[in-house]
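Chains as they are written, first to last, in our numbering: chain E, 156 to 271; chain W, 10 to 122.
The beta carbon of each residue, even a glycine, is placed where N, CA and C say it ideally should be.
Everything numeric in this text was worked out from a predicted model, so none of it was measured.
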Amino acid sequence: KNQVEQSPQSLIILEGKNCTLQCNYTVSPFSNLRWYKQDTGRGPVSLTIMTFSENTKSNGRYTATLDADTKQSSLHITASQLSDSASYICVVGGGLSNFGNEKLTFGTGTRLTIIP
Amino acid sequence: EAQVTQNPRYLITVTGKKLTVTCSQNMNHEYMSWYRQDPGLGLRQIYYSMNVEVTDKGDVPEGYKVSRKEKRNFPLILESPSPNQTSLYFCASSLLGASYEQYFGPGTRLTVT
Numbered sequence: 156k157n158q159v160e161q162s163p164q165s166l167i168i169l170e171g172k173n174c175t176l177q178c179n180y181t182v183s184p185f186s187n188l189r190w191y192k193q194d195t196g197r198g199p200v201s202l203t204i205m206t207f208s209e210n211t212k213s214n215g216r217y218t219a220t221l222d223a224d225t226k227q228s229s230l231h232i233t234a235s236q237l238s239d240s241a242s243y244i245c246v247v248g249g250g251l252s253n254f255g256n257e258k259l260t261f262g263t264g265t266r267l268t269i270i271p
Numbered sequence: 010e011a012q013v014t015q016n017p018r019y020l021i022t023v024t025g026k027k028l029t030v031t032c033s034q035n036m037n038h039e040y041m042s043w044y045r046q047d048p049g050l051g052l053r054q055i056y057y058s059m060n061v062e063v064t065d066k067g068d069v070p071e072g073y074k075v076s077r078k079e080k081r082n083f084p085l086i087l088e089s090p091s092p093n094q095t096s097l098y099f100c101a102s103s104l105l106g107a108s109y110e111q112y113f114g115p116g117t118r119l120t121v122t
């Protein structure tokens, strides 16, 4: 069964500090890995999308890494800001649905709280 | 502005009263999908559509219906809502194919009493 596991479930850090969120997956075949940011009560917003051949991708202060051999990814946030308080969801694309398009498997997210 | 819109944003209803949640996108995307999000379970796919008149079940389709008569619209229908359908619902759209970014709507919080 395809699964995406994220750790930690929740994290509290001081404003200005760095942090790293983890994602482990067992999705086969693998196509891509995405990180989303979801503010409370709002829809997820894409941060990065990485394919098999990419092992790092940045979006401002967000840097995602991918190790397709160990099936692990991390999201590193540099110099955190209060606006970074949100849930961060790891999503893995792969496998095929009935119509042959890729299926997305969602993790349950890491709830990040930045305190001043 | 490129966006996915959903209506209503909040809805409280009673068991058995049919309802429809609308979803519309202005990006000419072929692929559209409905998800529900429950605490501790993450986003789970209800139904998806590859194009007009092409729809298929996702992981949790029981109790829901969809239709895709126009490319931009993908309504979610609950014929006889039950309390276990109380959830936060998201519509999403993307271009068809692998690795395309999926754009999510703002969500509809549904409470069934």
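Proximal residues of chain W, C-beta to C-beta of residue i below 7 angstroms
i: F261/E; result: G51, L52
i: G264/E; result: G51
7 angstroms Cβ shell around residue i - same chain, five flanking residues per side excluded
i: S103/W; result: H38, Y40, Y109, E110, Q111, Y112
i: R216/E; result: I232, T233, A234
i: S76/W; result: P84
i: R81/W; result: S33, Q34, N35
i: G72/W; result: L87, S91, Q94
i: L169/E; result: I270
i: F261/E; result: V159, I244, V246
i: A122/E; result: With chain E running from 156 to 271 in the structure shown, residue 122/E is simply not present.
Which of helix, strand or coil DSSP assigns to residue i
i: S213/E; result: strand
i: S111/E; result: Given that chain E is displayed from residue 156 to residue 271, the structure contains no residue 111/E and the question cannot be resolved.
i: N93/W; result: helix
i: H38/W; result: coil
i: K27/W; result: coil
i: S228/E; result: strand
i: F113/W; result: strand
i: R189/E; result: strand
i: S33/W; result: strand
i: A219/E; result: strand
i: L259/E; result: strand
i: E160/E; result: strand
i: A101/W; result: strand
i: N179/E; result: strand
i: G198/E; result: coil
i: G171/E; result: coil
i: R18/W; result: coil
Cross-chain neighbours of residue i in chain E, by beta carbon under 7 angstroms
i: S102/W; result: Per Cβ cutoff of 7 angstroms: no residues; S102/W is ~11 angstroms from chain E at best.
i: F83/W; result: Per Cβ cutoff of 7 angstroms: no residues; F83/W is ~15 angstroms from chain E at best.
Buried versus exposed, by CB contacts within 10 Å (16 or more), residue i
i: A219/E; result: buried
i: A101/W; result: buried
i: M205/E; result: buried
i: T58/W; result: The sequence given here has Ser at residue 58/W, not Thr. S58/W should be labelled buried.
i: A107/W; result: exposed
i: L50/W; result: exposed
i: T211/E; result: exposed
i: E257/E; result: buried
i: V23/W; result: exposed
i: T175/E; result: exposed
i: T263/E; result: buried
i: Q15/W; result: buried
i: V159/E; result: buried
i: Q164/E; result: exposed
i: G171/E; result: exposed
i: L230/E; result: buried
Contact set between residue i and chain E, taken where Cβ atoms lie within less than 9 angstroms
i: M36/W; result: Near M36/W there are no residues of chain E at all, since even the closest Cβ is about 13 angstroms away, more than 9 angstroms.
i: A107/W; result: S186, N187, T206, G248, G249, N256, E257
Interface residues of chain E facing residue i [CB-CB closer than 8 angstroms]
i: G116/W; result: G196, R197, G198
Any non-hydrogen atom of the ligand MG closer than 7 angstroms to residue i Cβ
i: C174/E; result: By its list of ligands, the structure shown contains no ligand whatsoever, and the ligand MG lies outside what it can speak to.
Same chain only: Cβ atoms within 8 angstroms of residue i, ignoring 5 sequence neighbours per side
i: L4/W; result: Missing from the structure shown is residue 4/W; chain W here goes from 10 to 122 and no further.
i: L20/W; result: L28, V30, T117, R118, L119, T120
i: N214/E; result: L202, T203
i: K78/W; result: V61, E62
i: V69/W; result: R45, R53, Q54, I55
i: P199/E; result: Y191, K192, Q193, I244
Listed by chain order, chain W residues near residue i by CB distance under 9 angstroms
i: S201/E; result: E110, Q111, Y112, F113
Residues near residue i in its chain [Cβ-Cβ closer than 6 angstroms; skip 5 each side]
i: G248/E; result: S186, N187, E257, L259
i: S228/E; result: C178, L188, L221
i: A11/W; result: M36
Practice task
Report the residue ranges of all beta strand (DSSP E) runs contained in full by the stretch 47-83 of chain W; include only those spanning at least 3 residues, in chain order.
Solution key: 51-60, 63-66
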